[in-house]
Structure formats: structure tokens, C-alpha cells
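Worksheet for the structure shown next.
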Amino acid sequence: MAKTPINIGMVGYGFMGRAHSNAWRRVPNFFDTGYEPVLKAVAARDAEKARAFADQWGYESVETDWRKLVERDDIDAIDICTPNDTHAEIAIAAAEKGKMILCEKPLARDAKEAAPMVAAVEKAGVANTVWYNYRRIPAVTLIKQVVASGKLGKIFHYRANFLQDWTISPDVPQGGPGTWRLDAAAAGSGVTGDLLAHCIDTAIWINGSIASLTAMTETFVKERQHALTGKTEKVGIDDAAAVICRYANGALGTFESTRYARGHKALYTLEVNGEHGSFAWDLHDMNRVQWFDHSVPGELRGWTDIHVTDGEHPYLGKWWVPGLIIGYEHSFVHQAADFLEGLKSDTPTSPTFREALETTRVCDAILESARTQKWVGIG
Ligand SMILES: NC(=O)c1ccc[n+]([C@@H]2O[C@H](COP(=O)([O-])OP(=O)(O)OC[C@H]3O[C@@H](n4cnc5c(N)ncnc54)[C@H](O)[C@@H]3O)[C@@H](O)[C@H]2O)c1
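Going by the working numbering, the first residue of the sequence shown is number 1289, and it counts up by one from there.
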């Protein structure tokens, strides 16, 4: 049966522009959603680079202003892959034009900026989702499914870390292409919105809402040269954050994120401890999950290393044969597939903008607590 075309308009051609383009191209080959994503246009400010990107990935056309892309009648969905300070303006304009919107995380720089985005998509009634892609790594999805089944019983702890080391040198600039993440004006925050947001999204998804928290943050390098102005300017982002929290279900949580953990490049780990069992997962070994089942007789009881590659595991039936692994990029293919499935069944694809706003509110609370040195409730 002929598939329904869905015309994608991509904004930005950096890291995520590549990850999403790959996802849109792969998804119809592996998932029968009934939709055929068409790479209709990519928008970026540099025409030559945008054209080169379009040629590499098979986009039909190029725009040098995202506003023109949003105006086009032949675009069904706007995919936002630009720095955080641009998300709100693009998403609100796209919603007003009735486009479906897939937005990179974090939804915006803070909740004040994100709330009108939620209002805009809900008023327009357009499909929307935020690319919190780690949910769609099969091992992580498996944890969610087993916790939701109640097999772990009461949950006591959910903890996560996301550790990197790429900004230790004071010579790394802030602002501009490649280093906008170090510029508070562009990013909103440092590791909190960039890395902890992933941990928090997954935590809320698996263990429910965070009720209150207290946090500390640090900016180890206080001044950096700005790549655009050439001037040495005060650094406004958090380089590291440590959080303790209470979940609405009574569990306790701890989170740590930093770009100063020498030796760690992208160490996202999470652990959940329940009455009857525990899970532990590590991005560096993302096809495996560690599982402890307390119901197993004592002499055989212990941590089990599950290779999450079986056809019965989430998403894996669509890929290769049991035992063969998949990678980081597949999490984006899965999110694109879920979005298209959602269109087919008229079901919102989680996290929607509204759901992602909760994560942004937790990020805001982390920064507020670090500033005030007080516990902050998330109402
Ligand atoms: N889901 C994930 O795991 C993940 C990973 C990395 C980044 N992200 C998020 O994706 C977004 C983009 O990050 P990235 O790593 O791809 O950044 P990047 O710097 O690699 O790419 C950003 C792109 O946006 C373009 N751009 C900037 N301002 C623009 C404007 N006004 N109009 C059009 N294009 C513009 C740049 O030219 C570049 O092509 C951020 O919000 C980031 O937080 C998410």
C-alpha cells in the first residue's frame, strides 16, 4: 500500500541535524508506520553549507531563513535542531502556521520561555514532541516497562549521572558555533539543561514526578573568551551540578552532572532500586542492562547481565537477529517511528511539549536551589 508522505523541514544542520536526518531516512525501511518522511528542505543561515548538507543527506531544497521554511505550504513538520535560544521563536511560529513540530531538548532555556510553546502547540492542535531520545534506547525502554509492571515493587531510589570532560581547559571559548553551550545567553544553563535534562526526563518517565529538590552547582572557569565578540566575558553557565531530590512516590533521588570529570566523555548511567529488584544501565554499554531479582532462590541470586538484543525486547524485533547490537543513532530512529505511529493512531508522542515542560521546570528548580541554597518544591 502506498505510504502517506510527510514533508520534513529541518532547521539546523549540526550534530542533531545529522542525527535526525539519518532517523528520517532510516525509519521507513525498518518500521511500517504507513508514512514516508520526505526530506523536503533544510534551513540554515549559510547557503553554501546548507546546500552541501542538503546534497549529502538528500534534501530537496534549502532555505537560509527558518521563517521562510515555516511559511512554506509544502512543509508538514518542522524539526528544530538549533541552539536552545531559538527553539521558542521557531516552534511558536511553526505552530501558528499549523505545522507539526519536533523540537530538540531542552524545550527552551527555562520554563518561562517554554510555557508559551506549550500553549502555542495546544492552541493550534498540532502534533508535537521533544527529542528526549535516551528513552528510546531499548535497554532503557525495557527498564521503564518492567518498573511500570510493578515487578520491582515499591521504588526506593532512582539515581543518575551524566559526566563529560570537554570544557576543563580555560582556552575553550564560549558562544559561537560549536561552543554555544558555554554561553548562557544561547544555552540558558550549562550541564543542567544540556545533560541533567536527559537524566531528569528519563527519571520522571520511569519513576514519576520529582516533588522537591536541593542542589549545588559550580562554575569552575569564571571567564572565557567569547567566540563572537573576541572579548573575555564572565561565564554564566553551571559547569557541574549535584542534586538530591524526593519523588512524588516517596523514592529518593540523586543526580550528578559535570563537564569536568576527566576521562569521561558521555557517561550517562542510571540505577533504580525497588523492594524486589534493581536495574542499572550505562550508556557506554547501551545494549546491556544489569538486573537483580530478589525473588530468585538465594543460592542462585545475583546481578544478571541482560544483552538487550532479543526480538522480544523493545524495538529490537525491527532490526537484526538476536545477539546483534544497535547504536546511539537508533534511539532517534525509534523516536521518529514512535512519532509516525502516533500520527497513525492519533496518539500524542511522549514527551509532548507539555511533558517536557516538567523537565524544564525541574531544571529551573535545580538552578534556583543552587542560587538560594534552599529546598525547592516543584508544584
Ligand atoms: N537529544 C540529544 O541527545 C541531543 C544531543 C545534542 C544536542 N541536542 C540539542 O539539539 C540542539 C542543537 O544542538 P547541536 O548539538 O546539533 O548543535 P550544533 O551546534 O551542532 O548545530 C546547531 C545548528 O543550528 C544552526 N543554527 C544556529 N542558529 C540558527 C538560526 N538562527 N537559524 C538557523 N540555523 C541556526 C547552526 O548553524 C547549526 O547548523 C540543542 O538544543 C541541543 O541541546 C540534543
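A virtual CB, placed ideally from N, CA and C, is assigned to each residue, including glycine.
Note that this is a predicted model, so its numbers are computed, not measured.
Asked	Found
Rounded C-alpha distance that separates R1339 from R1306	14 Å
Spatial distance of G1605 from G1599 (CA atoms)	4 Å
Backbone secondary structure at Y1556 - three-state DSSP	strand
Endpoints, the alpha helix (DSSP H) within which P1243 is located	Nothing in the structure corresponds to residue 1243, since the chain is present only between 1289 and 1667.
Distance between V1584 and L1390 (C-alpha atoms, nearest Å)	43 Å
Residue nearest to I1594 in terms of C-alpha spacing, selected from M1298, Y1603, Q1513 and M1574	M1574
Nearest neighbour of T1520, chosen from I1614, A1503, Q1462 and S1500 [CA to CA]	Q1462
Residues near D1471 by beta carbon distance below 6 Å, same chain, minus five either side	Q1462 and G1463
Coarse secondary structure for I1594, derived from DSSP in three states	strand
Cutoff 7 Å; reference D1570; Cβ partners in own chain excluding five residues on either side	T1557
Paired residues, beta bridge with N1416 - DSSP	I1389
Closest Cα partner of W1448 within the set G1302, G1518, A1554 and W1468	The question names Trp, but residue 1448 in the sequence shown is Ala. Closest by alpha carbon: A1554.
Delimiting residues of the alpha helix (DSSP H) encompassing Q1578	Element bounds for Q1578: not the alpha helix (DSSP H) but the beta strand (DSSP E), R1576 to D1581.
At least three beta-carbon pairs within less than 8 Å, the stretch 1619-1628 to the stretch 1494-1508	no
F1303 Cβ short of 6 Å to ligand 1 heavy atom set	yes
Beta-carbon contacts of N1310 that lie in its chain and below 6 Å, excluding the five residues immediately before and after	E1617
Contact set for N1561: own chain, Cβ-Cβ below 6 Å, skip 5 residues either direction	F1444 and H1445
Whole runs of the beta strand (DSSP E) within the stretch 1304-1370, excluding any shorter than 3 residues	1323-1331, 1349-1351 and 1365-1368
Beta-carbon proximity of G1478 to D1526, cut-off 7 Å	yes
Beta-carbon proximity of V1326 to P1371, cut-off 7 Å	no
E1656 beta carbon near ligand 1 (any heavy atom closer than 6 Å)	no
Pairwise C-alpha distance: E1544 and D1459	24 Å
E1656 versus S1500 - alpha carbon distance	12 Å
Validate contact between the stretch 1393-1410 and the stretch 1427-1443 using beta carbons, cut 8 Å, 3 pairs	no
Bridge-paired residues (DSSP) for I1498	Y1535
C-alpha distance - P1602 paired with R1589, whole-angstrom precision	25 Å
Environment of D1353 [buried if 16+ CB atoms lie within 10 Å]	exposed
Three-state secondary structure assigned by DSSP to K1632	helix
Any non-hydrogen atom of ligand 1 within 6 Å of A1332 CB	yes
Reduced DSSP category for Q1433 - H, G, I as helix; E, B as strand; rest coil	helix
Expected contact under 8 Å - CB spacing of P1394 and T1648 to nearest Å	6 Å
Residue range of the unbroken beta strand (DSSP E) whose run includes I1443	I1443 to L1451
Boundaries of the alpha helix (DSSP H) in which V1584 is found, first to last residue	From DSSP, V1584 is part of no alpha helix (DSSP H); its letter is neither H nor E.
Heavy atom of ligand 1 within 6 Å of G1300 beta-carbon	yes
DSSP-derived helix/strand/coil call for D1626	helix
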